[in-house]
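First comes the structure, then the notes that go with it.
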Amino acid sequence: MQDRARPGAEFDVIVVGAGPGGATTAYYLAKGAADGTPRVALLEKEHFPRDKFCGDAWCAPALDILEDMGVLQELEAEGLVRDTRAGGFISPAGECCVSSGQATGAPGTRVYAIKRMICDERIARAAQKAGAELIEGANVTAAELGEDGFWRVRTGDGALFRSRALVAADGAPSKLARRLGVVNEAPTGFAARQYIKGGTHNFRADGVLFYPTYILPGYVALFRHYNDDIDLGSYVIPGGAAIGKDLPRIYEERIRRDPLIRAVLGPRVEYLEPLRMAPLRLGGVERSYARQLLVVGDAAGQTDPLTGEGIHTAMMAGRIAAETLREMLRSGDLSERACARYHERCRRAFGREFPASAMAARLTYRVPAMLDAASVVAQRRGDAFMEEFGAAMTGVAPKTTFLKPSVALPLTAALVGQLLRGAGRTEERYRRCLDADPSRETSFRNACLKDPAFAGAALR
Ligand SMILES: Cc1cc2nc3c(=O)[nH]c(=O)nc-3n(C[C@H](O)[C@H](O)[C@H](O)COP(=O)(O)OP(=O)(O)OC[C@H]3O[C@@H](n4cnc5c(N)ncnc54)[C@H](O)[C@@H]3O)c2cc1C
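And the structure:
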């Protein structure tokens, strides 16, 4: 087998995988490179535009990075994003808290629906424009660190690349880092997506999460896109009512028969694709580095164990990886110890929230009334509480937010009320959400349904 990289195939850093994690790493490495250094390659096995099964919900920290790259402004100008201001969640006992979308919302809590098919390519092209060499159709099949201190990276078509540092950002299966013995665990979560054609559904809001008991602590989510298409997503979080391999059955037996989901989909719904599923690697890994190697994004399990959201954390990790690699290349120290700084910085930036998120997931499964209580308080206190709650749920604010007296006291009082009220009747109350509060602007039928008349039909 050839052992010499062709001229032009030698780099300071090779990034494997051009998802949000890898492309962000390449962008920040290449941006502002002086005298062409560092030389960065971004190897992607697919050709853009390529799809990635996802709920398409981009949380605030991801939007901030997209803005810094100039990508968000471009997408906004072209009308390809949807601000999911009109949204909220339905608790296990059908307590509905969906905001009307009138409030402006704090920038730290914004969530946009953007199709991955569109946005992932824009980030990769931004990295290319910044100076990274984007090589599409480059399926990395092997990588080894030679005694000369250079990585030899091989692709399926027999090409060989060399670099001083390697970034594995190849997604949740994490094949590269597993092959190199850095990541040893298999992914534990699972999620699915199905696109629904715009104009064929009955969904009025922008983004709503449903927490029926059959999938807790996971959930079903609907996000509406710029063109009225809907991303119907569902998340199986480990340790709860469902396991990943059951997802197709849960779809057929529960989600498609769920009266609330039926109501938002309506009688004329058209699916644009079959059910698409992919694993979720949640809550971080023990070690996301080795000598001359960093693991970024889903490959390192940098996905929140409560929500299954990982775009923003992958991008945050990408930026941290780029900063750390730049320092390392400047100092010439690419040792394991120097790479460990990346792991620690990610831990401080977002990873230390993961244990609290995992605990919150276990709690919502054991005491679903907590979500009912949160919804009741949010209904009473309106958008301000919802923002604070949403920020903590999406990892923008620390989970200790739940312990602040302004949040904890009303939540505790509402929890006691819920426990007294609804013990054992959760599923029945969930169904009744369809008919609750017909006069309230933010009730389920008014906030979520284009045609509220279909609510009754969905129950039959
Ligand atoms: C169904 C579903 C719904 C989700 N919904 C949301 C959501 O709404 N919001 C959110 O924030 N997160 C969501 N997530 C999680 C989110 O998709 C990931 O956290 C995010 O994609 C991580 O980005 P990444 O760059 O690390 O990995 P990926 O996006 O998976 O990118 C990895 C890239 O590596 C490439 N690659 C793989 N192997 C090789 C190879 N051998 N050689 C070269 N290239 C390779 C792949 O083609 C891909 O482009 C969801 C996940 C699933 C499965």
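Using the numbering used here, the first residue of the sequence shown is number 1, and each one after it goes up by one.
The beta carbon of each residue, even a glycine, is placed where N, CA and C say it ideally should be.
Bear in mind the structure is a predicted one, so any value in this text is a computation, not a measurement.
Hey, out of the options, whose CA is closest to residue i's CA?
i, options, result
"residue 364", "219, 400, 244 and 124", "219"
"residue 26", "324, 400, 402 and 181", "324"
"residue 159", "54, 135, 451 and 177", "135"
"residue 315", "349, 328 and 285", "349"
"residue 379", "182, 94 and 402", "94"
"residue 53", "279, 429 and 430", "279"
"residue 179", "153, 161, 199 and 229", "153"
"residue 138", "56, 73, 42 and 99", "42"
"residue 409", "426, 439 and 377", "377"
"residue 32", "367, 326, 382 and 338", "326"
"residue 78", "387, 122 and 23", "122"
"residue 90", "264, 328 and 200", "264"
"residue 142", "126, 127 and 166", "166"
"residue 215", "200, 202 and 192", "192"
"residue 18", "46, 29 and 9", "46"
"residue 347", "302, 126, 322 and 362", "302"
"residue 12", "390, 329, 67 and 249", "329"
"residue 201", "244, 362, 267 and 211", "267"
"residue 358", "238, 174, 187 and 211", "238"
"residue 429", "76, 92 and 66", "92"
"residue 355", "286, 127 and 338", "286"
"residue 163", "210, 144, 243 and 150", "150"
"residue 240", "431, 407, 88 and 366", "366"
According to DSSP, simplified to helix, strand and coil, what is residue i?
i, result
"residue 226", "coil"
"residue 1", "Caution applies to residue 1, whose pLDDT of 48 falls short of 50 and renders its modelled position unreliable; the value that the coordinates give is listed next. Residue state, collapsed to three classes: coil."
"residue 302", "coil"
"residue 130", "helix"
"residue 268", "coil"
"residue 433", "helix"
"residue 13", "strand"
"residue 119", "helix"
"residue 292", "coil"
"residue 49", "coil"
"residue 331", "helix"
"residue 192", "strand"
"residue 448", "helix"
"residue 113", "strand"
"residue 89", "strand"
"residue 366", "helix"
"residue 233", "strand"
"residue 346", "helix"
"residue 150", "coil"
"residue 239", "coil"
"residue 80", "coil"
"residue 394", "coil"
"residue 185", "coil"
Exposed or buried, what is residue i when buried is set at 16 or more other beta-carbons lying within 10 Å of its beta-carbon?
i, result
"residue 344", "exposed"
"residue 333", "exposed"
"residue 260", "buried"
"residue 441", "exposed"
"residue 185", "exposed"
"residue 291", "exposed"
"residue 452", "buried"
"residue 227", "exposed"
"residue 335", "exposed"
"residue 1", "Low confidence applies to residue 1: its pLDDT is 48, below 50, so where it sits in the model is not reliable enough to give any reading."
"residue 412", "exposed"
"residue 253", "exposed"
"residue 73", "exposed"
"residue 439", "exposed"
"residue 506", "As displayed, the chain neither begins before 1 nor continues past 460, which places residue 506 out of reach and without an answer."
"residue 84", "buried"
"residue 56", "buried"
"residue 384", "exposed"
"residue 272", "exposed"
I'd like to know whether the C-beta of residue i is nearer than 8 angstroms to at least one C-beta of chain C.
i, result
"residue 353", "Protein chain content of the structure displayed is limited to a single chain, and chain C is not contained in it."
| message | Three or more C-beta pairs under 8 angstroms: does that hold for the segment 411-423 against the segment 371-380? | response | yes
| query | Should the segment 113-125 be regarded as contacting the segment 392-401, the criterion being three or more beta carbon pairs within less than 8 angstroms? | reply | no
| Are three or more beta carbon pairs between the segment 251-266 and the segment 16-36 nearer than 8 angstroms? | no
| said: Taking contact to mean 3 or more Cβ pairs, one atom from each stretch, closer than 8 angstroms, check whether the segment 196-207 and the segment 222-238 are in contact. | reply: yes
| Inter-stretch contact at 8 angstroms, needing at least 3 Cβ pairs: the segment 231-249 / the segment 166-183 | no
| the segment 57-68 contacting the segment 304-319, beta-carbon criterion three pairs below 8 angstroms | yes
| task | Could you tell me whether the segment 293-305 touches the segment 268-285, where touching means 3 or more Cβ pairs closer than 8 angstroms? | result | yes
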